[in-house]
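One structure is given here, and the rest of the page talks about it.
Numbering (the numbering used here), first residue to last: 533 to 975.
Spelled out as structure tokens, the structure:
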């Protein structure tokens, strides 16, 4: 009887052990199903967008919700910022501190960079590793932190704070956050690459528009005037700058022309160039004097552009009957008037660059153009082109080339100058537009 009862007790104990093991297995499977459900929910949400900020927000919101935390944050690793490598990109939660900035303590980020492993702290006050605290501006009692890794490289941290229940964060919570962080690293990295590619495509389109606008503003062919040979050319840099030149016949005997250089690069520079050209053309066609024209253009630029925007401009008007050149130079490189038997004359009269001050009194001057004289107007992309020793081409070389090539046509002289600049630069990349206008009196 005793033996039979002992056997029954043994079977009962075995059943209890089996039931307990089955319960533990069921609980483990249940947690696994829940984790898969959470991961699937996050994956589904992420697949609905390619925007990095939205992905970060979705991940953080789901982690805060499913782990029962008060707040969560994603900190991305900026490797070029050695002093403060982590930048808080996203922060969500249900407290009044949600919209405040947040920065993890250097001790914690240093620990994560060193160990690259999940970190669980349920009583921060007693954890001697982080005696100075963890975060700014709101109290942290407990936290979970996991590294986000992509292709063996840490890309950031996923962290949740303050478990809402008194039991604190569990090992299961830690495992779930680690899985989410591991999966998120690749997703976020891919999304950032897509954003970079989209940004690059946008920049390329902007550059194409700027180049097209710059090209459309330039004259298709030089004007033909009896007794004169005229040419102009602009070679844009790889990064579109703000050089432009223009010819405008005012009547049968007068030709207005200009060569300008606006500050900046890309589409903003091209737009500023277009506005300046429209202002100059409008004033010139209205019969406004050179000085009044520049004063109004200066006021327009000053009122309608940011303080760092300005433009240099050489503005001239040639009377082809009296052979008198009226000009006004607004802060531009001084052009050369080169005669066959005279020293080169630099045309400097004018004033400051346009857009620097609200008002400025410009000065007009005039010179006589004799047979054989040639006017050479150029941008700083010519004179400031450098070689591999950082030596500039210089303005004197422009003058010397014009003086030694007086039998060349205006177009031929431009090509000779550009070729000499190219030889001087010896293959170095062109970083600024190179623009030239040459007006030569024949008879």
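Using N, Cα and C, we set each Cβ at its ideal position, and we do this for glycine too. This one's a predicted model, so the numbers in the text were calculated from it and none came from an experiment.
Nearest-angstrom beta carbon gap, residue j and residue i [assumed within contact, 8 Å]
i           : j           : result
residue 599 : residue 708 : 7 Å
residue 884 : residue 892 : 6 Å
residue 848 : residue 790 : 7 Å
residue 692 : residue 595 : 5 Å
residue 861 : residue 882 : 3 Å
residue 898 : residue 866 : Incorrect: roughly 15 Å between the Cβ atoms, too far for contact.
residue 971 : residue 907 : 4 Å
residue 763 : residue 755 : About 10 Å separates the two Cβ atoms, so there is no contact after all.
Cβ-based neighbour list, residue i, same chain, cut-off 7 Å, excluding 5 preceding and 5 following
i           : result
residue 628 : In this prediction, residue 628 has a pLDDT of 48, which is less than 50 and means its spatial position is unreliable; what the coordinates show is noted afterwards. For residue 628, where only same-chain residues beyond five positions count, there are no Cβ hits under 7 Å.
residue 749 : 776, 805, 806 and 809
residue 660 : none
residue 796 : 774, 804 and 841
residue 855 : 900, 901 and 973
residue 741 : 799
residue 751 : 764, 778 and 779
Member of the options whose CA lies at the smallest distance from the CA of residue i
i           : options               : result
residue 960 : 769, 584 and 738      : 769
residue 655 : 752, 547, 694 and 649 : 694
residue 658 : 674, 714 and 651      : 674
residue 917 : 935, 841, 844 and 955 : 955
residue 894 : 941, 844 and 908      : 844
residue 805 : 798, 794 and 813      : 794
residue 952 : 702, 781, 910 and 930 : 930
residue 798 : 774, 784, 779 and 871 : 774
residue 826 : 851, 896 and 836      : 896
residue 699 : 788, 653 and 746      : 653
residue 813 : 830, 823 and 780      : 780
residue 648 : 702, 713, 962 and 830 : 713
residue 697 : 944, 602, 940 and 938 : 602
residue 851 : 672, 830, 546 and 786 : 786
residue 710 : 736, 644, 671 and 946 : 644
residue 875 : 646, 936 and 715      : 936
residue 784 : 735, 737, 734 and 853 : 853
is_contact[residue i, chain C] using C-beta, thresh 8 Å
i           : result
residue 701 : In the structure shown, chain C does not exist; there is a single protein chain.
Contact check, residue i vs residue j, beta carbons under 8 Å
i           : j           : result
residue 869 : residue 905 : yes
residue 834 : residue 777 : no
residue 949 : residue 933 : yes
residue 842 : residue 864 : no
residue 605 : residue 650 : no
residue 587 : residue 720 : yes
residue 979 : residue 609 : Shown here, the chain extends from 533 to 975; a query on residue 979 therefore has no answer.
residue 584 : residue 724 : yes
residue 788 : residue 745 : no
residue 676 : residue 639 : no
residue 962 : residue 872 : no
residue 964 : residue 922 : no
Other residues of its chain near residue i: CB distance less than 6 Å, five sequence neighbours each side excluded
i           : result
residue 631 : Here residue 631 scores only 47 on pLDDT, less than 50, and its place in the model should not be relied on; the value that follows carries that caveat. Cβ neighbours of residue 631 beyond the five flanking positions: none.
residue 494 : Outside the displayed span of the chain (533 to 975) sits residue 494, for which this structure offers no information.
residue 924 : 916 and 918
residue 909 : 791, 846, 867 and 969
residue 941 : 761
8 Å CB neighbourhood of residue i in its chain, flanking five on each side removed
i           : result
residue 828 : 811, 815 and 820
residue 903 : 973, 974 and 975
residue 823 : 860, 893, 894, 895 and 896
residue 836 : 807
Residue i: CB within 7 Å of a non-hydrogen atom of the ligand ADP
i           : result
residue 741 : Of ligands this structure carries none, so the ligand ADP is not represented either.
Legend entry - contact_flag[the stretch 752-760, the stretch 723-731] where n(CB pairs < 8 Å) is 3 or more: no
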